[in-house]
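S.K.: Submitted below is the structure of interest, expressed as structure tokens.
Residue numbers (UniProt numbering): 1 to 173.
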């Protein structure tokens, strides 16, 4: 047997084990091999190569911006809302859409599953019942009416048939 072929095979095993063990450092991999700490791990020679994936993962990434836009300071002062769906799996009630309400100050999320199969797409939503139910609960909690509601896509609640029904300031984006 040729010695160089044997060395290549052992070094190839080191790379394979490096990947199998979640890109474990080669020094630690060598330690596991030398001290026989892992059953089935062959004797490995220290690899001299460089793992491109490991290098890419260690590269510097820019931090998220520290500049904050305005954020609500009181619970339920500003609420983000979105209609989510069409879900492939229905709920026990047969619903395929759901509403989310997220408080800007607390990041508490409330989900309402209200919409039935008869809604063909989420832009046809004209029933403001779930929205009013949430706003009523929010008003009871805050003991004052909701002032601002941030909507992901304003057409859900601001269509010509429903826009006059909203008693609050709607911020759209």
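Backbone N, C-alpha and C define an ideal beta-carbon position, used for all residues, glycine too. As the structure is a prediction and not an experimental result, all values here were calculated from the model.
Where do the ends of the beta strand (DSSP E) carrying residue 81 lie?
M.R.: Taken as a continuous stretch (DSSP letters only), the beta strand (DSSP E) holding residue 81 covers 78-85.
S.K.: Closest to residue 83 by C-alpha separation, out of 96, 59, 71, 73, would be which residue?
M.R.: The shortest Cα separation from residue 83 among 96, 59, 71, 73 belongs to 96.
S.K.: Under three-state DSSP, which class holds residue 44?
M.R.: Reduced to three states, the DSSP call for residue 44 is coil.
S.K.: In terms of alpha-carbon separation, which member of 21, 109, 51, 54 lies closest to residue 38?
M.R.: Of the listed residues, the one whose Cα sits closest to residue 38 is 21.
S.K.: Looking at the structure shown, is residue 92 part of a helix, part of a strand, or coil, going by DSSP?
M.R.: Coil, per DSSP.
S.K.: With DSSP as the reference, label residue 55 as helix, strand or coil.
M.R.: Looking at residue 55 - three-state DSSP - the assignment turns out to be helix.
S.K.: What's the gap between the Cα of residue 18 and the Cα of residue 60?
M.R.: Computed Cα separation, rounded: 22 Å.
S.K.: For residue 34 and residue 28, I'd like the C-alpha separation in whole angstroms.
M.R.: Taking the straight line joining both Cα atoms gives about 10 Å.
S.K.: If you reduce the DSSP assignment to three classes, tell me which class residue 74 lands in.
M.R.: It is coil, neither helix nor strand.
S.K.: Residue 47: which of 78, 14, 56 sits nearest, CA to CA?
M.R.: If we check each option's Cα against that of residue 47, 14 comes out closest.
S.K.: If you drop the 5 nearest sequence neighbours on each side, which residues of the same chain put their C-beta closer than 6 Å to that of residue 90?
M.R.: Taken in chain order, the residues that qualify are 96.
S.K.: Mapping the DSSP letters down to three states, classify residue 99 as helix, strand or coil.
M.R.: Residue state, collapsed to three classes: strand.
S.K.: Quick one: grab the DSSP three-state call for residue 35.
M.R.: The answer is coil: DSSP assigns residue 35 none of H, G, I, E or B.
S.K.: Inspect the beta-carbon positions of residue 81 and residue 100 and report whether they are closer than 9 Å.
M.R.: It is a contact, given that the beta carbons lie within the stated cut-off.
S.K.: Just the C-alpha distance for residue 105 and residue 41, rounded to the nearest angstrom, thanks.
M.R.: Approximately 52 Å between the Cα atoms of the pair.
S.K.: Whole angstroms are fine: how far does the CA of residue 79 sit from the CA of residue 58?
M.R.: Cα-Cα distance, rounded: 38 Å.
S.K.: Spatial neighbours of residue 53 within its chain, please: C-beta separation below 8 Å, excluding the five flanking residues on both sides.
M.R.: Here the set comprises 23.
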